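Enquirer: Chains as they are written, first to last, in this note's numbering: chain A, 290 to 399; chain B, 43 to 156.
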Amino acid sequence: QKEVEQDPGPLSVPEGAIVSLNCTYSNSAFQYFMWYRQYSRKGPELLMYTYSSGNKEDGRFTAQVDKSSKYISLFIRDSQPSDSATYLCAMELYGNNLFFGTGTRLTVIP
Amino acid sequence: GAGVSQSPSNKVTEKGKDVELRCDPISGHTALYWYRQSLGQGLEFLIYFQGNSAPDKSGLPSDRFSAERTGGSVSTLTIQRTQQEDSAVYLCASSSTGGGVEQYFGPGTRLTVT
Chain A
290 QKEVEQDPGP LSVPEGAIVS LNCTYSNSAF QYFMWYRQYS RKGPELLMYT
340 YSSGNKEDGR FTAQVDKSSK YISLFIRDSQ PSDSATYLCA MELYGNNLFF
390 GTGTRLTVIP
Chain B
43 GAGVSQSPSN KVTEKGKDVE LRCDPISGHT ALYWYRQSLG QGLEFLIYFQ
93 GNSAPDKSGL PSDRFSAERT GGSVSTLTIQ RTQQEDSAVY LCASSSTGGG
143 VEQYFGPGTR LTVT
C-alpha cells in the first residue's frame, strides 16, 4: 500500500464549478499536509499547507484535513480555465521528507 | 527574485552513459532536495542536503546515483551507466528552513535514456 493515495483523474469541470480534490493516507504520524499545483512542463508550485486537522482558506482555495479519517481535500471555488493543471497532495512525516500523491489532472472548460 | 534553476532542461543520452544534472537553489536557501517524477507516478524523494550536515541519501534507488552540493549552494546529481528506467523528470527544490514544508521547485530536467 502506498503512503499517499490520490485519484489521478482526469477531472473535467465547466468554468465556475466547485472542484473537490482528495487524498487518503496510511501513516497517522504525518504532521503537515500540502497541496501543490503543477502546470505542464513546469515544477510544482506550493498552493497552501495546513498543520494537523482543520480547514485553511486562501482566496478561492480551501484545504481541509481530517486526521481521524486520514483524508485531506482541496476545494476550488469559482474554478477558472487558468486552474487547469495537475494538483499534487504531499505530506511531511517529521523532518524533511515529503510523501507525494500521484497527482490529479484537472481541466476547467470555458 | 530568481527562483530555482535547473540545467539542462532536456537531456537525451544513450544507455550506459553517465549524465550530470545541475540545480541552482534560491539564494540563501540552506535546504536542497532532489526528486524524480516518472510518468504516472508521484514525486519520488532522492536526496536531501541541509547546510553542512551529511546528506540524507535514503531515497537514492541504486549506487549509480550520487549527488553533491558545493559551497552550500549549487548541486549536481550524477547518474552513472544510465538505464532506460532512469528516464524521468528530475526536479530540484530548495527551502529556507530545515523542514520539508514550503519547498520551491525548479522546472526540472527531462531525462530520456535511449
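All residues carry an ideal CB built from backbone N, CA and C; glycine is no exception. If you're wondering where the values come from, they're calculated on a predicted model, not measured in any experiment.
1. With distance defined between alpha-carbon atoms, name the residue in B/L119, B/G114, B/P97 and B/S100 nearest to B/F107.
2. Since A/P333 meets chain B, which of its residues come closer than 7 angstroms, beta carbon to beta carbon?
3. B/V46: buried (16+ other C-beta within 10 angstroms of its C-beta) or exposed?
4. Have a look at B/L63 and B/P50 and give me their C-alpha separation to the nearest angstrom.
5. Three Cβ pairs or more, each shorter than 8 angstroms: is that satisfied between the region 129-145 of chain B and the region 60-77 of chain B?
6. Is it the case that the Cβ atoms of B/V131 and B/Q79 are separated by a distance below 8 angstroms?
7. Between the Cα of B/G113 and those of B/V61, B/T55, B/N94 and B/T154, spot the shortest distance and give me the residue it belongs to.
8. Counting only runs that start and end within the region 63-124 of chain B, where is the alpha helix (DSSP H) found for 4 or more residues in a row?
9. Got a sec? Which residues, its chain only, sit under 7 angstroms from A/F319 by beta carbon, not counting five neighbours each side?
10. Under 8 angstroms Cβ to Cβ from A/P297, same chain only, skipping five residues before and after it: list those, please.
11. According to DSSP, simplified to helix, strand and coil, what is A/D367?
12. Less than 8 angstroms between the beta carbons of B/T124 and B/T55, yes or no?
13. Closer than 7 angstroms by beta-carbon distance: list the chain B residues that pair up with A/M337, in chain order.
14. I'd like to know if A/T313 contacts chain B, where contact means its C-beta is closer than 8 angstroms to some C-beta of that chain.
15. Residues of chain B with a CB under 8 angstroms from the CB of A/T391: which are they?
16. Ignore the nearest five residues each way along the sequence and tell me which others in B/P149's own chain have a CB closer than 7 angstroms to its CB.
17. What residue does the beta strand (DSSP E) around B/Q126 start on, and which one ends it?
18. Can you give me the C-alpha to C-alpha distance between A/K359 and A/S315, rounded to a whole angstrom?
19. Using a cut-off of 7 angstroms between C-beta atoms, extract the partners of B/E56 located in chain A.
20. Give me the chain A residues within the contact set of B/L133, using Cβ-Cβ distance strictly less than 8 angstroms, ordered along the chain.
Expert: According to the structure data:
1. B/L119
2. F147
3. buried
4. 7 angstroms
5. yes
6. yes
7. B/N94
8. none
9. M380, E381 and L382
10. T391, G392, T393 and R394
11. coil
12. yes
13. Here the premise fails: no neighbours, minimum Cβ distance about 10 angstroms.
14. no
15. G82, Q83 and G84
16. Q48 and S51
17. Note, B/Q126: premise wrong, no beta strand (DSSP E); not H, not E.
18. 7 angstroms
19. Residues of chain A passing the Cβ test: none, with the nearest at roughly 24 angstroms.
20. G332 and P333
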